[in-house]
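>
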């Protein structure tokens, strides 16, 4: 039995310690926003935040998440996260949508750490998130749109 | 993208609560997209349901039933637009629901008595059908108001979901009229709008599936949870054609959570309470394979055999004039050979499905693309009637053709597992089959490997005189349920884009060889045009150069009979600044610009690509200017998105993708050795849509074919090297 903190809630999970966090979230906790795409940290579809850091849940054993804050797309409510989701919707980024929760988690973590990234910063941060529909033109535009929203918000504060 | 309108997609919740007929509330997390309003038409309320596509409730919701799979291409947005247009609904009152499998009501009108999604046909076959569906409902609501208010129907107007009698100022919402309208006869004739009066068609809207997908609430097959559901993974043979000789499941069964291990025709299945247990069980399994009849060739061997075949006459797909004689008299003759590897679809959601066998039938949950074929195949396997195979269509995490499999391969695999469990204690429980990425890459299906040989001749004035093309590659349709499409040895999907070469040439012949191999093959986004656009559009570029003409002008001179090809070519060239010199690169860099134009699925696309070749020989595609003519543009934003995505998808193949065989084994297994394009490699893309009054045609596939030849032609312009193999490698 493991005690985890997921999206601000304490949960206990009966899983083998080598079970990847991804499958604990999906099969044990019913949080299916993080997706399976490769199982080898190659595609980013499973991205969640561990203590605020974007993390590939498919290669993170559940035992490594003990005592750390796990945030999934279902619990994403940071300012940067909300700005990213709004921009994604406004610019119609999604196509099939399967990779997009991972894309959003990575983008939200980027903007939390670097609120005004240059294009090269965005490309570097998002390089581990594959999109087979190749929605990249709009992902780039949406990250910039979210950054602009965050900047505007700060100016008013 | 101004004036975006947002609607809520109700379909997932409706399906889960109503369609499945099970108590699923515990398994489904309601999110904001699911709580906007109550489901329509329940609890004895009156419902106006004049046809199979529209249902209007007293709560004023309009539910559009979509018969096609939403796999990213936007049908859950574009098709409801057609209904909303003729119904004069308010966008905010629309809901979207996936249709069940039922070819009587939901066949693809371009495919005959078959339901399915593919060939970029969703909009084209629905354009009339869904506008009529909307207009019919509108007429009944108007008649209801006319009856209630005792005024002539002609004196009423409809806008944004409200029927108005301007003379008296009386108004009623659709919901208020449903009760009366539902008692009226369904009119057999309705009048459709003049395109000048379109309100929704031609305007961008927020996609109906956007919010749920952004919040992680959209349910893909992998996300489905049903009571008592088990997860299965399958140990597939290392080579196609190998069979299970024996297996030792003792270690697998010792894994906590593993419930059963069964042999099925496709391999050995490990059935467990969740994915991780199943995966660990498979890792602990020992299988002894009989490989006596297995496929054992190398890709290089296959290509060498195809090269030999291309020297021999094949089945003739097209013959005009006498190209042999004409080439003997040509002033200049160019010859070239082209090589294309096997390709995996590599959708982000690996293949998966859920199957539940009950005594009276079978229920499927799937990113369902080929309803009629899948129903028939599973019914045959399970000894059921097709209508006893109930199919629930969920979102697909991409497909690119893969989920429309003529053999229903992964569905058959899941059904075989359910059947094998049939006699035991796990009988009747829903089985979720999950393919890992490695299964998805190694267990098939693939775009076939192709070899092309081309000879073309110019006369002394540089005019195209003759064209001879040989195409060698497996038939996708032969031996499948679609075998009847193969006529006189020609599988049309092998030669499309080549046999209908649009350029004016008096002497042309296209031959096809369709050798048989044990490698399972299938259509891959844009099908035949994935290879024919490359060979034809790079050869035409070589011919332009040999004739000493500009590549755009050379093409235009030969496209007199094809104004829509010429139209997109002119538009793309103008917007790309084709007449102006390209901005030079930094020191040591070489830049180039290339063009290609191609028709596929009755849509016309031209692309101009700009590349920069670095001093180290690496290169980047910097900018792509794309022009598309797909008839009436239903939703310009989705058309733009499909062009952007098609270019990115095509670039993965142009720059990276190859599935290769070594002694019959696939050498690739995951994204480290089958890389896809990444964000930093995506060019800037500009999309221009040709205004048109022609009926709408598809956009899911036609953006793909031109990009590889446009990039190859740009690389020639930058370096002088002609590249005739995909993926592209400069030497």
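Chains as they are written, first to last, in the working numbering: chain A, 1 to 157; chain B, 1 to 731.
All C-beta atoms in this analysis are idealised placements derived from N, C-alpha and C, irrespective of residue type, glycine included.
Do residue 422 (chain B) and residue 388 (chain B) have their beta-carbon atoms positioned less than 8 Å apart in this structure?
Here residue 388 (chain B) corresponds to residue number 388 of the second chain, with the count starting at 1. Here residue 422 (chain B) corresponds to residue number 422 of the second chain, with the count starting at 1. Contact flag unset, no.
> Using a Cβ-Cβ distance cut-off of 8 Å, determine whether residue 17 (chain A) contacts chain B.
Looking up residue 17 (chain A) in the first chain gives position 17. By this cut-off, residue 17 (chain A) is not an interface position.
> Using a Cβ-Cβ distance under 8 Å, would residue 92 (chain A) count as near chain B?
Within the first chain, numbered from 1, the residue matching residue 92 (chain A) stands at position 92. At least one chain B Cβ lies under 8 Å of residue 92 (chain A).
> Kindly provide the ranges of any beta strand (DSSP E) runs that are 3 or more residues long and lie completely inside the stretch 582 to 670 of chain B, ordered along the chain.
Runs of the beta strand (DSSP E) inside the stretch 582 to 670 of chain B: 590 to 600, 603 to 613, 619 to 629.
> Could you tell me which chain A residues have their CB closer than 9 Å to the CB of residue 395 (chain B), listed as they occur along the chain?
In the second chain, residue 395 (chain B) corresponds to position 395, counting from 1. In chain order: 96, 97, 98.
> Report buried or exposed for residue 672 (chain B), applying the criterion of at least 16 other Cβ atoms within 10 angstroms of its Cβ.
As a working mapping, residue 672 (chain B) is identified with position 672 in the second chain. Exposed: under 16 other Cβ atoms inside 10 Å.
> Answer with buried or exposed for residue 150 (chain A), where buried requires no fewer than 16 other C-beta atoms within 10 angstroms of its C-beta.
Numbered from 1 along the first chain, position 150 holds the residue referred to as residue 150 (chain A). With 16 or more other Cβ atoms within 10 Å, it is buried.
> Return the residue from the list B:538, B:619, B:145 that minimises the CA-CA distance to residue 452 (chain B).
As a position in the second chain, residue 452 (chain B) is number 452, starting the count at 1. When only C-alpha atoms are compared, the closest one is B:538.
> Across the stretch 129 to 146 of chain B and the stretch 78 to 91 of chain B, are there enough close Cβ pairs to call them in contact, namely three or more that are closer than 8 Å?
Touching, yes.
> What does a CB cutoff of less than 7 Å around residue 33 (chain A) pick up in its chain, not counting 5 residues either side in sequence?
Working through the first chain from its first residue, we reach residue 33 (chain A) at position 33. For residue 33 (chain A), where only same-chain residues beyond five positions count, the Cβ hits under 7 Å are 72, 73, 74, 101.
> With burial defined as no fewer than 16 other Cβ atoms inside 10 Å of the residue's Cβ, what is the status of residue 217 (chain B): buried or exposed?
Working through the second chain from its first residue, we reach residue 217 (chain B) at position 217. Buried, since its Cβ has 16 or more Cβ neighbours within 10 Å.
> Report yes if the C-beta distance between residue 213 (chain B) and residue 331 (chain B) is below 8 Å; otherwise report no.
By one-based count along the second chain, residue 213 (chain B) stands at place 213. By one-based count along the second chain, residue 331 (chain B) stands at place 331. No, Cβ-Cβ distance for residue 213 (chain B) and residue 331 (chain B) is not below 8 Å.
> What do you reckon, are the CB atoms on residue 410 (chain B) and residue 342 (chain B) nearer than 8 Å?
Within the second chain, numbered from 1, the residue matching residue 410 (chain B) stands at position 410. Within the second chain, numbered from 1, the residue matching residue 342 (chain B) stands at position 342. Cβ atoms of residue 410 (chain B) and residue 342 (chain B): not closer than 8 Å.
> What does residue 12 (chain A) pair with, by DSSP beta-bridge criteria?
The residue labelled residue 12 (chain A) in the question sits at position 12 within the first chain. The partner list for residue 12 (chain A) (beta bridge, DSSP) reads A:3.
> Give me the residue from A:119, A:128, A:127, A:115 with the minimum Cα distance to residue 152 (chain A).
Locating residue 152 (chain A) in the first chain gives position 152, counting from the first residue. Taking only the C-alpha atoms, the option nearest residue 152 (chain A) is A:115.
> What does the Cβ neighbour count give for residue 3 (chain A), buried or exposed, with the cut at 16 atoms within 10 Å?
On the first chain, residue 3 (chain A) is found 3 positions in, with the first residue counted as 1. Exposed, since its Cβ has fewer than 16 Cβ neighbours within 10 Å.
> Please list the residues of the stretch 214 to 226 of chain B that have a C-beta atom closer than 8 Å to any C-beta atom in chain A, keeping them in chain order.
Going along the stretch 214 to 226 of chain B in chain order, one finds 214, 215, 216, 217, 218, 219, 220, 222, 223, 225 with a Cβ nearer than 8 Å to chain A.
> In three-state terms, what does DSSP make of residue 38 (chain B)?
Here residue 38 (chain B) refers to the residue found at position 38 of the second chain. In this prediction, residue 38 (chain B) scores a pLDDT of 37, lower than 50, which makes its location untrustworthy; the coordinate-derived value is nonetheless stated afterwards. Coil at residue 38 (chain B), not helix or strand.
> Runs of 4 residues minimum, wholly inside the stretch 357 to 422 of chain B: which ones carry the alpha helix (DSSP H) assignment?
As far as the stretch 357 to 422 of chain B is concerned, its whole alpha helix (DSSP H) runs of at least 4 residues are 371 to 382, 409 to 420.
> Nearest CA to the CA of residue 429 (chain B): which residue from B:444, B:363, B:436?
As a working note, residue 429 (chain B) is residue 429 in the second chain. Comparing Cα positions, the closest option is B:363.
> Name, going along the chain, the residues of the stretch 666 to 699 of chain B whose beta-carbon falls closer than 7 Å to a beta-carbon of chain A.
For the stretch 666 to 699 of chain B, which is checked against every Cβ of chain A, the residues closer than 7 Å are 670, 671, 672, 676, 677, 678, 679, 680, 682, 685.
> May I have the straight-line CA-CA distance separating residue 674 (chain B) from residue 60 (chain B), to the nearest angstrom?
For the purposes of this step, residue 674 (chain B) is identified with residue 674 of the second chain, where counting begins at 1. For the purposes of this step, residue 60 (chain B) is identified with residue 60 of the second chain, where counting begins at 1. Whole-angstrom Cα-Cα distance: 49 Å.
> Mind pulling the chain B residues with CB within less than 7 Å of residue 140 (chain A)?
In the first chain, counting from the first residue as 1, residue 140 (chain A) sits at position 140. Correct list: 679.
> Could you give the distance in angstroms between the alpha-carbon of residue 490 (chain B) and the alpha-carbon of residue 75 (chain B)?
In the second chain, residue 490 (chain B) corresponds to position 490, counting from 1. In the second chain, residue 75 (chain B) corresponds to position 75, counting from 1. So the alpha carbons of these two residues sit roughly 31 Å apart.
> Straight-line CA distance for residue 651 (chain B) to residue 659 (chain B)?
Reading the second chain from its first residue, position 651 is the one you call residue 651 (chain B). Reading the second chain from its first residue, position 659 is the one you call residue 659 (chain B). Approximately 16 Å, taken between the alpha carbons.
> Based on DSSP bridge pairs, tell me the residues matched to residue 53 (chain B).
Stepping through the second chain from its first residue, residue 53 (chain B) is reached at position 53. In the DSSP output, where bridge partners are listed per residue, residue 53 (chain B) has none listed.
> In whole angstroms, what is the alpha-carbon distance linking residue 45 (chain B) and residue 207 (chain B)?
Indexing the second chain from 1 puts residue 45 (chain B) at position 45. Indexing the second chain from 1 puts residue 207 (chain B) at position 207. When rounded, the distance between both Cα atoms is 29 Å.
> So, do the stretch 65 to 83 of chain B and the stretch 113 to 131 of chain B have three or more beta carbon pairs nearer to each other than 8 Å?
A contact exists between the stretch 65 to 83 of chain B and the stretch 113 to 131 of chain B.
> Whole beta strand (DSSP E) runs in the stretch 507 to 594 of chain B with 3 or more residues, listed along the chain?
507 to 513, all fully within the stretch 507 to 594 of chain B.
> Just to make sure I have the definition right: I need the residues of chain A whose C-beta is within less than 7 Å of the C-beta of residue 206 (chain B). Which are they?
Counting from 1 along the second chain, the entry for residue 206 (chain B) is found at position 206. Those within 7 Å of residue 206 (chain B) in chain A are 89, 92.
> Quick check: residue 347 (chain B) and residue 437 (chain B), are their CB atoms within less than 8 Å of each other?
Your numbering for residue 347 (chain B) matches position 347 in the second chain. Your numbering for residue 437 (chain B) matches position 437 in the second chain. No, Cβ-Cβ distance for residue 347 (chain B) and residue 437 (chain B) is not below 8 Å.
> Looking at chain A, is there any beta carbon in it that lies within less than 8 Å of the beta carbon of residue 726 (chain B)?
Reading the second chain from its first residue, position 726 is the one you call residue 726 (chain B). So, not an interface residue.
> Which term fits residue 730 (chain B), buried or exposed, when burial requires 16 or more other beta carbons within 10 angstroms of its beta carbon?
Locating residue 730 (chain B) in the second chain gives position 730, where the first residue counts as 1. So residue 730 (chain B) ends up on the exposed side.
> Between the Cα of residue 71 (chain B) and the Cα atoms of B:366, B:104, B:172, which residue gives the shortest distance?
Here residue 71 (chain B) refers to the residue found at position 71 when the second chain is read from its first residue. The shortest C-alpha separation from residue 71 (chain B) is found at B:366.
> Residues in the stretch 272 to 291 of chain B with C-beta within 7 Å of chain A's C-beta atoms, listed in sequence order?
Correct list: 274, 275, 276.
> Would you mind telling me which residues of chain A sit closer than 8 Å to residue 649 (chain B), beta carbon to beta carbon, in chain order?
For the purposes of this step, residue 649 (chain B) is identified with residue 649 of the second chain, where counting begins at 1. Near residue 649 (chain B) (Cβ distances below 8 Å), the residues of chain A are 132, 133, 134.
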